[in-house]
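*Asks:* Let me begin by handing over the structure; questions about it come next.
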Amino acid sequence: MGQKINPVGFRLAVNKNWSSRWYANTKNFAPMLAEDIKVRDFLKRKLAHASVGRVLIERPAKDARITIFSARPGVVIGKKGEEIEALKAELRRIMGVQQVHVNIEEIRKPEIDAQLIADSIAQQLEKRIMFRRAMKRAMQNAMRLG
-17 MGQKINPVGF RLAVNKNWSS RWYANTKNFA PMLAEDIKVR DFLKRKLAHA
33 SVGRVLIERP AKDARITIFS ARPGVVIGKK GEEIEALKAE LRRIMGVQQV
83 HVNIEEIRKP EIDAQLIADS IAQQLEKRIM FRRAMKRAMQ NAMRLG
């Protein structure tokens, strides 16, 4: 029988990077980690329709820099940047920092991003599409475009 390990932790040194980049002393580590989890949950709820694949959180000094990797960056930004400004204000309130920088990066090939494929399959299953058909279609798209 094999040992059970965390797949993200196993791949960190080889082909995956940390999803948060900051350093904290022992006293502040747990609250900052809890804030990161709250921010990720908030962004997942708020930007569910924007096809967000990954969120990277960095904390230089007293600020915060959040990079959102999305297949549809226009939806995240909104008309004339209204959505992004509201998002910054809400993130500033959640994190309790003076300034939050939000960067949006486009995912060039959303058909081969694992998180976006999983979200797509989940949405299809919620619409009561047959699971074999949903899986087969997702695999065919990924193989064809990747």
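Reading the sequence shown from the start, the letters are residues -17 to 128 in my numbering. Glycine is no exception: its CB is placed at the ideal position from the N, C-alpha and C atoms.
1) So, using beta-carbon positions, are Ala116 and Leu127 closer together than 8 Å?
2) Identify every residue that forms a DSSP beta bridge with Glu40.
3) Our contact map puts Ala53 next to Ile89 with C-beta atoms below 8 Å; I'd like the distance itself, whole angstroms only.
4) What three-state label does DSSP hand Gly(-16) in the structure shown?
5) Can you have a look at Phe51 and say buried or exposed, based on whether 16 or more other CB atoms are within 10 angstroms of its CB?
6) Whole angstroms are fine: how far does the CA of Ala68 sit from the CA of Glu40?
7) Just confirm the distance between the C-beta atoms of Asp(-4) and Ala46, as a whole number of angstroms; I'd bet it's less than 8 Å.
8) Along the chain, where does the alpha helix (DSSP H) that runs through Ile59 open and close?
9) Count the CB pairs spanning the region 54 to 66 and the region 1 to 20 that are closer than 8 Å, and state whether there are at least three.
10) For Ile66 and Glu87, what's the separation of their Cα atoms in angstroms?
11) State buried or exposed for Ile48, treating a residue as buried only when at least 16 other CB atoms are found within 10 Å of its CB.
12) Could you please give the first and the last residue of the uninterrupted beta strand (DSSP E) stretch that includes Val82?
13) Would you mind reading off the limits of the alpha helix (DSSP H) that contains Trp120?
14) Could you work out which residue in Phe(-8), Ala120, Gly(-16), Phe11 is closest to Asp101 when comparing CA atoms only?
15) Of all Cβ atoms in chain B, is any one closer than 8 Å to the Cβ of Pro42?
*Replies:* Reading from the atomic positions:
1) On the sequence shown, position 134 is the one that residue 116 refers to. On the sequence shown, position 145 is the one that residue 127 refers to. No, they are not a contact pair.
2) Here residue 40 corresponds to residue number 58 of the sequence shown, with the count starting at 1. According to DSSP, Glu40 bridges with Arg3, Arg47.
3) Stepping through the sequence shown from its first residue, residue 53 is reached at position 71. Stepping through the sequence shown from its first residue, residue 89 is reached at position 107. Confirmed, Cβ separation roughly 5 Å.
4) Within the sequence shown, numbered from 1, the residue matching residue -16 stands at position 2. The answer is coil: DSSP assigns Gly(-16) none of H, G, I, E or B.
5) Residue 51 sits at position 69 when you count from the first residue of the sequence shown. Burial call: buried.
6) Mapped onto the sequence shown, residue 40 falls at position 58. Mapped onto the sequence shown, residue 68 falls at position 86. One C-alpha to the other measures close to 20 Å.
7) The count along the sequence shown starts at 1 and reaches residue -4 at position 14. The count along the sequence shown starts at 1 and reaches residue 46 at position 64. It is worth fixing the name first, because residue -4 is Val in this sequence and not Asp. That belief does not hold up - the Cβ atoms of Val(-4) and Ala46 are roughly 28 Å apart, past 8 Å.
8) If you number the sequence shown from 1, residue 59 lands on position 77. Counting along the chain, the unbroken alpha helix (DSSP H) around Ile59 starts and ends at 55 to 59.
9) no
10) Within the sequence shown, numbered from 1, the residue matching residue 66 stands at position 84. Within the sequence shown, numbered from 1, the residue matching residue 87 stands at position 105. Ile66 and Glu87: Cα-Cα distance of roughly 13 Å.
11) Residue numbering aside, residue 48 sits at position 66 when the sequence shown is read from its first letter. Buried: at least 16 other Cβ atoms inside 10 Å.
12) Position 100 of the sequence shown, counting from 1, holds the residue named residue 82. Following the DSSP letters along the chain, one finds Val82 inside the beta strand (DSSP E) bounded by residues 82 to 88.
13) Along the sequence shown, one-based indexing puts residue 120 at 138. Per the sequence presented here, residue 120 reads as Ala, with Trp not at that position. First-last of the alpha helix (DSSP H) with Ala120: 113 to 127.
14) Position 119 of the sequence shown, counting from 1, holds the residue named residue 101. Closest option to Asp101, Cα to Cα, is Ala120.
15) Going by chain labels, chain B is absent from the structure shown, which holds only one protein chain.
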